[in-house]
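Protein chains in written order, with full-length UniProt numbering: chain A, 1 to 548; chain B, 1 to 701. Here's the structure, in structure tokens; my notes come after.
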């Protein structure tokens, strides 16, 4: 029973902040005034903050910014041995540097390295943490553009990328990060610039106890659904996530922005109920997934769990089974990828759930921004089929869903299965899957998980597979790159296409998109589409292992 | 104004507004057989290419044919045969849909044959040689050689070749009844016609192309749906192709597992891989999509409506606002006497008597209705104009604006209030103040007052009413539930218009409407993002017809109107606009419902095929075999057979369209989701199990 307290209190907290925090986000992205600091930033970068951009210009800005970010981060990692605070660590190997640069810019935070033994403090702070902020802002900005597309009445200009980026970073992410970093420090998360201390343990052994700016990176890791841990052990490490209540707070921060963005959507299109409908779909899928994950883990079959009474392998005793399972669900339902337990050690079906969560396209509630635009694309597909069934050219919020819109939405849907399935198949076909620790279905799950995580920009690892080879780093880097930016371009194009249309007024003949029937239908379409795409692969992995 | 038509012609008893829902048109089994050759011809890859989903199936069928020849087995050949049948069934659906229009087209072609055109300058040329602007003479018994306008003369024309209506119609120069259609026959008199069509683009040519489904353009929603289906096909292609390395890996891990028809050391066999792909891609809707489109057009043709493009049919389903002419559409088209209102001191019977006497010779519908009302309400029968000696009937003229009768000293007049009271005064009378009050009251209620006077005395007023057609109010209620606003267009003054609008239950009205007003109203609606439909027949309707998203021109109308609209109603029944909207909606619903059905089917197919493929490798997966199918071979074959047969079973539905009753979007969605979504999940479980029970008896499966 105590296991359910964790998700229930979380749900209550998220319900409580939905309106105030969503309204704050709405004001940030719609406000007309620029702060003095922001004006300084615009002058520095040379941006005219008063001009709007078409979707094409916006997309080019996103791509240019991200390309520069990748190059900068790559250079940073390659040159770390010549910079301050490197703690004597060597330059990062080229394939790992490429993989890491792409990983952090794409908001994936897949880590093909072990943080404490690879990265110095300066790279962690000025390289990785900065990307944690801006990659999250980019995601939110793209989602905001799609909302503007729905709300537009025939305009072409959809806002200014540089303004959105600056405002979201400075007015939303930074203040919350400062605040919660202090809270985490109170909870025991470390925050210093020490290179660590060497101690002799009680048993006489030598141990190196690391230090570092952990708390400052920890908050944005969750808040921006990044997931890249300071330490290899991520949120399972006591310096990152020391207590049960910091664990609760971490999950809360993971879900905060993704679950509040539908409020912004509702306000943007002038109908709050549309936001409620979207958040309802997210909540149904999320609650279902959390319930299944916790259920599988607490009642999971297996030799070890039954012998010791609980599936505790790979889990921290300070969190327990239920809270670990809930964390695993939350981190994969969003594009976070932080972990406080090891998914590889989960029961077969319990371990399938994080996989399924990511395969849903991370839309319940998904990454910051990316979750909402993924969900809205699903809603567009649903509207199309449902709209035909009511005998009208399908319309969503007064915008007609016709060939161009369906083309963009369908392509969006092709990207992830393409990346995940082709990547997985290629790993097996080329023999690179052999780096998996396990053979048989569990090994298959490990490989499938790696590409699912990279393609969906999640970044969590099933673990149990060696991925810092040249092939894996290159392949997963490409998966992350395609999995992030192709959908973004398609979403921006869709926003442009929707914005050009003048909305048609709703009537009794229009498909209502705020009623339970539609909410259920979107959830159903999401599950069925994913089941149909990935069921064969799942059958040979976790299902083969778990069904007895 | 459009009302002129009905003022001039007695349109006869108004047709009952149709109350049955759109539907009907059953499939004759013989039709399937007759369409088979056409279906086989469509196997040509160059034709199949246009339907990507079925093209994939055909490629798969070719592939399994090669595999079956290389390694023959009962299972391999059974799958191959059923894959080919899947393709043929899809082609059959399209061929049957096209076949229904063929007979009609043949009849139309006959009307076109061998017509000779007699030019006014004396030349005789074949009708096919006519150019735009040629002037021809058509006499009694001759066939009109091409579409055009009558510029001289008047004739009765038999248009049954086009409309199916055997009663002849009048065509005359000038006005709104000047258009004639090539292929129709002049019955009496002689007319001179200026040809307006380009060679080969006559109305009949277009009609033939339309009913045959030749050069059918895909409509916007169809294109969008095709894109979605193509995307789903690609996703499933990916899922199936990328399965192979995983299957090889799994089989190698469980090397002890026996080889089956589905999986061996080389992974999933080619035959089973193709079967899985064909079962997953949306073949059901892919097979029926074009048949649905053709059948939708055909349903319009069956109702004697010609849509110039499929786009217009779809737009009809999207219509938000219907502009309907009052006269002939909402009301019966002529006013009827409803009541005799006497002034104080006059007996009602006396008024009825005078009114009837004055109308005995009046052959207008209004006049007849006065006679009938007096008969029915006051028993004044057996009065014929001929029986009254010394009666002199005074006909209506535009100058006097009244008519009546002189019976010896009794001089009775009825007519417009101002004219009759003036006449009574001229005879020395002093009409009561009350007359004005009654006249105003009747006008306010939307009626037309006719004042009756005898010599110097005004007796009272006849209340003529515009009678709203029975059932129209319910019809407009239905429209409202469908989210469609109905707007009444009338030349009446706003007061009258408001009263009739209230009685008919329309949402809005446009009174004293000029063609410019109509155009402005349409533009205003469109600027608000609404789609507008209207009917029209006069030349002055042409701009509005062209502006409207759905413009239905009456066949009796002018060429200009027919050119401007995007549909022509051969029956010239303005009420049909409502049916057209329903057909448009039904077309979209059928597509959406079958798409949902098709995708929902996949769930059951997975439960058949995945355990069939992998249960020998991982025995735990046999738990997914919830249908308890006989063997891997029978399970896969059952899924493939079900996938093929369901196409044939759904052909009638595709041709007829799904059941449609006007209702709100939520109600429609709930119903269709239940029937085609839930039904689509459950049906294949039953169907596959049933087929499995039968085919497990075949040796070798």
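Just so it is clear, CB atoms sit at the ideal spot from N, CA and C, and this is done for glycine as well.
Straight-line Cα distance separating residue j from residue i
i: residue 443/B; j: residue 94/B; result: 57 Å
i: residue 486/B; j: residue 671/B; result: 26 Å
i: residue 155/A; j: residue 373/A; result: 20 Å
i: residue 254/A; j: residue 262/A; result: 15 Å
i: residue 3/B; j: residue 495/B; result: Legend: pLDDT at residue 3/B = 33, less than 50; position of this residue unreliable, no value from coordinates given.
i: residue 130/B; j: residue 557/B; result: 23 Å
i: residue 82/B; j: residue 275/B; result: 10 Å
i: residue 460/B; j: residue 449/B; result: 10 Å
i: residue 77/A; j: residue 190/A; result: 23 Å
i: residue 316/A; j: residue 333/A; result: 21 Å
i: residue 542/A; j: residue 19/A; result: 39 Å
i: residue 420/B; j: residue 452/B; result: 7 Å
i: residue 459/A; j: residue 108/A; result: 5 Å
i: residue 221/A; j: residue 215/A; result: 10 Å
i: residue 575/A; j: residue 480/B; result: Residue 575/A lies beyond the stretch modelled for chain A, which goes from 1 to 548, so this question has no answer here.
i: residue 531/A; j: residue 538/A; result: 9 Å
i: residue 296/B; j: residue 587/B; result: 6 Å
i: residue 291/B; j: residue 413/A; result: 28 Å
i: residue 15/A; j: residue 243/A; result: 24 Å
i: residue 365/A; j: residue 525/A; result: 16 Å
Chain A contact residues for residue i, given Cβ-Cβ distances below 7 Å
i: residue 320/B; result: 507
i: residue 672/B; result: 389
i: residue 242/B; result: 421, 422, 424 and 425
i: residue 206/B; result: Those within 7 Å of residue 206/B in chain A number zero; the least Cβ separation is about 25 Å.
i: residue 591/B; result: 388
i: residue 234/B; result: 414
Sub-7 Å separation of residue i and residue j beta-carbons
i: residue 488/B; j: residue 467/B; result: no
i: residue 320/B; j: residue 531/B; result: yes
i: residue 180/B; j: residue 234/B; result: no
i: residue 311/B; j: residue 219/B; result: yes
i: residue 169/A; j: residue 336/A; result: no
i: residue 54/B; j: residue 268/B; result: no
i: residue 593/B; j: residue 288/B; result: no
i: residue 133/B; j: residue 202/B; result: no
i: residue 498/A; j: residue 139/A; result: no
i: residue 484/A; j: residue 106/A; result: yes
Neighbour list for residue i in chain B, Cβ cutoff strictly below 7 Å
i: residue 135/A; result: The premise fails here: residue 135/A is roughly 28 Å from chain B at the closest Cβ pair, so nothing lies under 7 Å.
i: residue 410/A; result: 227, 228 and 231
i: residue 407/A; result: 227
i: residue 429/A; result: 245
Amino acids of chain B, ordered along the chain, whose beta-carbon sits closer than 9 Å to that of residue i
i: residue 156/A; result: What residue 156/A touches in chain B: nothing, since even the nearest Cβ is about 18 Å away.
i: residue 402/A; result: 220, 221, 223 and 224
Own chain residues within Cβ distance below 6 Å of residue i, not counting five before or after
i: residue 25/B; result: For residue 25/B, the predicted model reports a pLDDT of 46, less than 50, meaning its position is unreliable and no value from the coordinates is stated.
i: residue 371/B; result: 356 and 359
i: residue 88/A; result: none
Neighbourhood of residue i by C-beta distance below 7 Å, restricted to the same chain and skipping five residues each side
i: residue 384/A; result: 394, 401 and 406
i: residue 157/A; result: 52, 53 and 54
i: residue 272/A; result: 266
i: residue 493/B; result: 511 and 512
Contacts that residue i makes with chain A (C-beta to C-beta distance below 8 Å)
i: residue 250/B; result: 440, 441, 444, 540 and 544
Beta-carbon proximity list for residue i, same chain, < 8 Å, skipping 5 on both sides
i: residue 251/B; result: 257, 263, 264, 265, 267 and 617
Within chain B, the residues that residue i reaches when beta carbons sit closer than 8 Å
i: residue 496/A; result: Result: empty, since nearest Cβ-Cβ is about 17 Å, beyond 8 Å.
- prompt: Just checking, does the stretch 225-245 of chain A make contact with the stretch 111-129 of chain A on the three C-beta pairs under 8 Å criterion?
  reply: yes
field: Touching by the beta-carbon criterion (3+ pairs, under 8 Å), the stretch 171-184 of chain A and the stretch 46-56 of chain A
entry: no
task: Examine the Cβ distances between the stretch 171-190 of chain B and the stretch 550-567 of chain B and report whether three or more of them are shorter than 8 Å.
output: yes
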